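Which chain is which? The protein sequence lines are A and B, in order. Per my numbering: the first sequence ends with 601, consecutive numbering throughout. Per my numbering: the second sequence ends with 1067, consecutive numbering throughout. Glycine residues also receive a C-beta, built at the ideal position from the N, C-alpha and C atoms. Here the structure is a predicted model, which is why all the values come from computation and not from measurement. Heads up: the structure comes next, in structure tokens.
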Amino acid sequence: MKNTTRQIFGLTIIALSAIVFSSCRKALDLQPPFDIPLGEAFRNPNDIENAINGMYQGLQQSQAAGGGFRIASDVFTDQFEMFPISFNQGNLGPFFNAYIRQNFQAGDGIWRAAYLTINRANNVIEVVENDTKYLDDVSEPFYQNNRGRYLGEAYFVRAYMHFELVRLFSQQYGINQNVEHSGVILKTKPSNDKSPQKRATTEEVYNLVLSDLDKAISSLPERDNPVVHSERYGGIKGGRAVKDAALALKARVLFQKGTPEADEQCLEAVNQVLGSAAGSPQKYDPRVDQIISSSENLFTLFGFEAANETIFQINNTFNRSTNEVNATSAGLVNAYTLIGEENDLGIKPIYILSRRAFEAAVRPISITSDGRQAFINRKASFFLNKYQNAARGSSAPIFNVILIRSSELLLTRAEIFAAKGQRTEAIADMWVVFKRANPGADESNFRNNLTAMDDLSFRSRVSAERTFELVGEGDYFHYFKRRAFRYGIADAKFLSNSNYRLFREIPWNSNNSIFQIPDAEITANPLVVRNP
Amino acid sequence: MLFGLLFTVSAFGQDREISGRILDETKTPVFGATILLKGTSKGTTTDFDGKFKMKIPDNPAGVLLIRYIGYNPQELVVGTKTTFNVSLAEDVKTTDEVVVTGFVTQRQIDKVSNVSTIKEEDIKKAIVPSFDAAMQGRAPGLQVTQSSGIAGSAVNVRIRGNTSISAASEPLYVVDGVPIVSGAGGDGGGGIGGLNVGFQNNPMASINTNDIESIEILKDAAATAQYGARGSNGVILVTTKKGKAGKTKFTVNLYRGMTEPTNRLKLLNGSQYLQVTDSAFKNSFRANANNNLRDVASVNKDLYLTTPQLSGLDREIAERTNTEWMNMLLRTARLQEASLNASGGTSRTQYFISGTYRDEEGVMIGNRFQRYGARLNLTNTATDKLQVGIKSTLGYTINNQVPSGLSTGLGGFGAANLRSLPIAPVLWSDARQGSNLFPFNPYFNAYDFFAGSNIALTQNNDFALLKEEIFRNTSNIFASYRIMPFLTYRLELGLDFYNQLNYNYSSRFLRKSQFERDIPMSSVTDSRVFFDNRIISNILDYKKLYSEKDELTVTVAQQYQRTNSYNNGVSVEGLPNDATRSIESGERQIGRSGNESYFSFLSYMAIANLKLKDKYIAQASLRTDGSSRFGSKKRFGTFPSLGLGWIASEESAIKDIKEISFLKVKGSAGITGNAAGLDNFQSFGLYQTGATYNFQPGTRPKQIANPNLTWEKTFQTDISLEWGLLKDKITGSFGYYNKYTYDLLLALPLPPSAGLENNLLQNIGRMRNRGFEIEIGTKNITKSKFTWSTDFNITFNKNVLLNIGGLEFNEIANSLDIGNFTGQQVSTFYLPTWAGVDPNTGEELIFRAERDGAGKLTGKLTDEKFRPLTLGAIDSNRVPLFDKRIFPKFFGGLNNKLTFGNFDFSFLFTYTYGNYVLDQGERRQSYFTGANNLRENALTAWNPNNTGSQYPKLYYNGATNALNLNDQLGDPGIPRYIIDDPYRFRNTTRFLHDASYLRLRTVSFSYTLPQKVAQKMKLDNVRFYCNAQNLFVITKFPGWDPEVVGNLSSNIERNLRQGITDLDFPQVRSIIVGFTTSF
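Laid out in structure tokens, this is it:
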């Protein structure tokens, strides 16, 4: 009897244990609660919407369009002064020394941010182009209405990034553009493994950028397409690419390319956005806003809503309900106002685009007063006023960063007209921009003054207008290369006297004018080749 | 097979039934004692009530052998009795002490595994808040690097060296059978969550050291393989006290004491600081002998000449100020602890109840650590076959922290040391009034200038409050069922709930709005971390004595552990006034966080122990573990081990040698794994959220999948010799081990062009730790009134990185100053070699590194000394320093215990030898920036009248005065403008120092009242004691403390950066007096 009890008990235990033993195996199949396993990432159209937002967030990063792209360009040319006593090596020091031949943080950050964003764009392209493979239901009307737009946006962002990379990490188009490894790495597929890829030629990069933009142009909606401003997006204008954005970017790419055919194509693209009549931009007339004249609040432009002249901007994520700031453009403000810490190898303090530096740069043209001078007014805390938010106080981050606006296109077109000798048209486009900053200016004076100039002076004047207007927007470095200018570092020592000169000149086509491929890429990618 | 054994046991003929009960000296029933009829294999074991029953042949001459580990065996002649009531006496011989090696409880003498035990009395002597810190110097193979003097901060523990790079190298901690939450992700090490204020908190500090009976350190494969996939780094088992039957016995222990810093850095005082400032200024901007300042400087002389460079602080104020900042910030702090426990019970129920309160002030003003602890250990014998029980502890700690790091945002003690200038007035009274302080009192702007260095403010709770509260419950609930005399089933349910709340308040005097940066605004952050850790174990124990000398025990177990973690936090700013400090009163939210994660382990295990003829011992174990942390294809692993032992002193040939009282040879081999400290979902391909844009949620790719990801494995072999000589007057052991770690987890860097944020973690490297452990104990004097014994241990460990998976030496280093070279110790200093000061110019020089024909560095130095002008020029002349090791060549402890009558005296020295520490803080305090103070030796800096100095010329904020030097980078044509002194951003061997030390770690002196006197007072035992910690240290290290645990949060940093200190807070010296009594 006793033995039987024992045995029954023993067997029960064993049976119970066996149950516990076997049923636990599943308990090891834990799923991440926070992140999304790849297989689950794209199931319904909303997932694509989320991935599109993630892609724009990549574009918005402070090392990318939220800062890095424009800072790299501005700082590298003659637009800042730096006190030697404050000079630190590291982050921006290589710019100062015009010695970017070694790995440095800014170049590394830009490279990473750009490819991060490209990968995000490629993920979207992969899913949308093969939507039947990924999505549960492709027939959903919302998806069908937006499908083209998703593709267009992804192609637009991919083109934007490859273009920024090629103009920073490669020589100006026209130098070695067909030589192997002259361009950057072209990424057209999502990264699913660690397989490295070599650099394409500059020509190939431009071709991909332009063909991506053509795809974007053909699939993006028009600006006034109701989908763009649907309630779904809180009615925020701008912030997502439309057809005009892709056209305007195409114009920028072609302008940078700088060949005569490219200039013609550029004109065509500009005309498609602004209308073909010089001096009368239709959809994006900056004069409609009429705010530049009031000096300090110039960049109320970067407010919640896009200004009329905005063709494409990145919107900041400012959470209205919680008042929580997630302002990536804070990065931009920070970068321009960098108050360094003991350990962050920045330039401290930097006085970017001080009035003195600016005046010296445009000294040849006598402009006595201009609304835009306030852009570069150095205040006590060393801000580039352009990025101050008048509404929130001098040091508050701005909300939105305009990436493409009509003034740039007008001045681009003016430049091409000027080069072709079409001075009347050039003046007409310049006047649009000039008038806004000088509301009291007399148009015929302006016209007569410029018409009387010799050709060289006139082209300088066009350049100055551009320099003035686009200060702090990341245009110089590339523009100077395009124009084959020499550029250099403005020397604090000489700023205060009238004999302004560039302290150190760098030829536009020097090897010192190209960013070096980051060491991190070189180490992990055996196929990539350093710049000379 | 096992059950075959079970059911055949009782099939023998019988003539007489005998029964009995076995109790120990306190009348507590002894469960599991074996009763064997000598010369036969007939035997049984006692049940939970200590009772036994068996049938034996009717032979009055038969002898019963009664054995239970930890007690003296007894032999009884059967005679005619049928009932035997036996009282077993505890065995006091060290070789017979009980050792818990995981799932197996053995006598010291019988174990084949390598396990060190630290006893309660030794743990108690250390005046430390957490038990892990008390282990230092007490066991060979165990390297404990003490926590800093910050109350509640983490210690670094390594058992037989670093075994990992990307995963944790900290051991697994098991308290009463529950693998507890010991680090950031639930296991491994590192502080848990909260706000990083310059040090890592110690999750173990919530466990009450007073409750600990013993700590076992499992080192070799035979012991650690019982923990399978989690055993590679060694295992630390903590066993708490349990009750004994009898009248309730109370024990009270009270002590009070004080702590103070062991060392202070000697920094410049006010006038010395100005003297250095002036000379640095001249060195930088003096163009010629006439002291004319260069025009480059004169342009902006309005800026430069504000010496010192502090706005609002003019020269005149500076000259009459001499603030001794350290006096403002440090104190001699108080320390007290009270604990009370009660132990007792009946033969059926025994309990141990304890309560404790510890109140420890940090030596930094404002720092205070309090612990409340309660424990209940209860065992109830429900029936003679069923026993249930619980071991449960509640810990509640409140830690008022003071930031101690280099953070400039919040401030910290390190920052204060660096940036608090002796010429800056504190204006403490103004700071208290607040209104004078901000906005902008004329002398001192707390926020702007010292950006965080005015720790006097952060030490005041009116301005800053950093409170951490941890509430923790660790419990083990168990039920044992004795299925039959030799077979017991045990069910254990382990729980570890860890709740941490961090509350941080910063007043508007300390910070400005995150959003509108000109506006001062207070902020509050509330963050919480919760771990819910559950483990269920099913254990079958089979134990049979086959003859007097042959014994077999088998344990089969299954375990499932699941750990969930949750954390969340929210920050707001813009509180309406200083009295309101709640989250909801904030004007706006400035940050939020929230995450959850989990991991699980499923394990099956069998261990068999066989002992033959009382001298041959074998132990084999096999464990299979599965972990949710690994790829679906490589989730399960098998971890076998085998240990063999031979008690040679039982052989008659050796038994005859009188001098040898004990001699044992043992060896083991086995495989263990390491899964600690990894991200829980590292093997998944993942998309992550958080990329919000345009008021919308956004997602982005995070990492690509690695379904082959699996744990690191260590194959460990061990051989050792244990001896006792001259009647155990000299005992000791000598062991050799070889730990070969393979499938080492290394993060393979992806090219940035892949566009992925996370690197790919792969099992690609190999590493080895080899070493010797020696332990010698001597009983020097053993008179009845006077005894003196000495214990000495030493460990030599050599670590070699065998393979780093084709990665470059610097790819996983996480620091410019460290490289990982194949064939060398992991984490090798990779520094420019300092070549002293050029007597002609005062410039410091480094040696140029040698390059081969192809321009590649050979790793050697040339004889050429030069002055680099760029960071690149410094970095391209680094060489690996294989002879200056981060890890010591050897380390250990030396303990002496003396008794004179009723007096006890003991002192423990700990030491390391042959390790180097890079003092980054020294570098920070050796270059003048205008916003830092320098160490006192800056007064000896080179100047034209002191050209022999080995302290280089000081420059003002790095302006080297090297105008228009030719480019030294081989890139002519680009003239340099002015050269910032690159040295100030790079460590060189100038700051690398031998950090060997010998420290008087613990001194303990006590007096026990004579029994008679105590009894008159109706007390059992009265002891007064005085303990001291860290009385002195002997070291060549010139910095703050040679022993340092940095603020290292990631595994890679903790594994590789142990040899770098960056103004980490030093040790404290503590002295306490106390008394303990029981009644």
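If I measure Cβ to Cβ from B:A370 and keep anything under 7 angstroms in the same chain, skipping five residues before and after, which residues do I get?
V376
Going by C-alpha to C-alpha distance, which of B:N808, B:K773 and B:S777 sits closest to B:L790?
B:N808
Mind checking which residues open and close the beta strand (DSSP E) that includes A:H250?
Going by DSSP, A:H250 is part of no beta strand (DSSP E) at all; its letter is neither H nor E.
Of all the CB atoms in chain B, is at least one closer than 8 angstroms to the CB of A:E590?
Taking Cβ atoms only, chain B reaches closer than 8 angstroms to A:E590, which makes this a yes.
Alpha-carbon to alpha-carbon, B:N903 and B:L206
25 angstroms
Which parts of the segment 541 to 628 of chain B are runs of the beta strand (DSSP E), unbroken and 3 residues or longer, counting only runs that do not cross its ends?
576 to 600 and 604 to 615
Once DSSP output is grouped into helix, strand and coil, what is the label at B:T309?
Secondary structure of B:T309 (DSSP, three-state): coil.
Quick test of the definition: if touching needs 3 or more C-beta pairs under 8 angstroms, does the segment 560 to 573 of chain B touch the segment 517 to 534 of chain B?
no
Can you give me the Cβ contacts of A:I244 inside the same chain, cut-off strictly under 6 angstroms, excluding the 5 residues immediately before and after it?
N578
Just checking: is the beta-carbon of A:F381 within a distance shorter than 8 angstroms of some beta-carbon in chain B?
no
Hey, would you say B:I153 sits closer than 8 angstroms to B:G794, going by beta carbons?
no
Does A:K256 get closer than 8 angstroms to chain E when you measure Cβ to Cβ?
Of the protein chains in the structure, A and B, none is chain E.
Please give the ranges of any alpha helix (DSSP H) in the segment 186 to 249 of chain A, keeping only runs that are unbroken, at least 4 residues long and fully inside the region.
Considered as a whole, the segment 186 to 249 of chain A harbours 200 to 203 and 210 to 238 as its complete alpha helix (DSSP H) runs of no fewer than 4 residues, in chain order.
B:K941 beta carbon less than 8 angstroms from that of B:G1034:
no
Supposed close pair B:Q1046, B:N1018 - CB separation, criterion 8 angstroms:
With 8 angstroms as the limit, B:Q1046 and B:N1018 do not qualify as a contact, their Cβ atoms being about 20 angstroms apart.
So that I know if they touch, is there some Cβ in chain B lying closer than 8 angstroms to that of A:I421?
With a pLDDT of only 41 at A:I421, under the threshold of 50, the placement of this residue in the model should not be trusted, and no figure is reported.
So, do the segment 126 to 139 of chain A and the segment 669 to 683 of chain B have three or more beta carbon pairs nearer to each other than 8 angstroms?
yes
Exposed or buried, what is A:G509 when buried is set at 16 or more other beta-carbons lying within 10 Å of its beta-carbon?
exposed
Kindly say whether A:G304, judged by its beta-carbon, lies nearer than 8 angstroms to any beta-carbon of chain B.
Its pLDDT being 44, under 50, A:G304 is placed unreliably by the model, and the measurement read from it follows with that caveat. False, the Cβ-Cβ gap to chain B never drops below 8 angstroms.
Could you tell me which whole beta strand (DSSP E) segments of length 3 or greater appear in the segment 230 to 275 of chain B?
234 to 249
Establish whether the CB of A:Y125 and some CB of chain B are separated by less than 8 angstroms.
yes
Which value, in whole angstroms, describes the spacing of the CA atoms of B:E109 and B:I10?
Looking at the backbone, the Cα of B:E109 and that of B:I10 are separated by about 29 angstroms.
Return the chain-ordered list of same chain residues with a C-beta closer than 6 angstroms to the C-beta of B:A172, the five sequence neighbours on each side being excluded.
Same-chain partners within the cutoff: G178 and I180.
Identify whether B:A172 lies in helix, strand or coil by the three-state DSSP scheme.
coil
Contacts of A:I187 in chain B (Cβ-Cβ under 9 angstroms)
S741 and G743
Chain-order list of residues whose beta-carbon lies under 6 angstroms from that of B:T1064 (same chain, five-residue window excluded)
N241 and R1011
Sorted by chain position, which residues of the same chain lie with C-beta nearer than 6 angstroms to A:I254's C-beta, five sequence neighbours on each side aside?
Q266 and R268
Leaving out the 5 sequence neighbours to the left and right, which residues in its chain are closer than 8 angstroms to B:N828 when beta-carbon positions are compared?
T935
Which of helix, strand or coil DSSP assigns to A:E604:
No statement about residue 604 of chain A is possible, as the shown extent of chain A runs from 70 to 601 and does not include it.
CA-CA distance, A:E118 and A:E337?
32 angstroms
Under three-state DSSP, which class holds A:W577?
Reduced to three states, the DSSP call for A:W577 is coil.
Just how far apart, CA to CA, sit B:S267 and B:E307?
15 angstroms
Length-filtered (4 minimum) alpha helix (DSSP H) runs lying within the segment 813 to 885 of chain B:
859 to 863
Output yes if chain A places a C-beta closer than 8 angstroms to the C-beta of B:Q214; else output no.
Not closer than 8 angstroms to any Cβ of chain A, the Cβ of B:Q214 fails to qualify, so no.
Nearest by alpha-carbon distance to B:K112: which of B:N196, B:P45 and B:G58 is it?
B:N196
Min CB distance B:S585 to chain A below 8 angstroms:
yes
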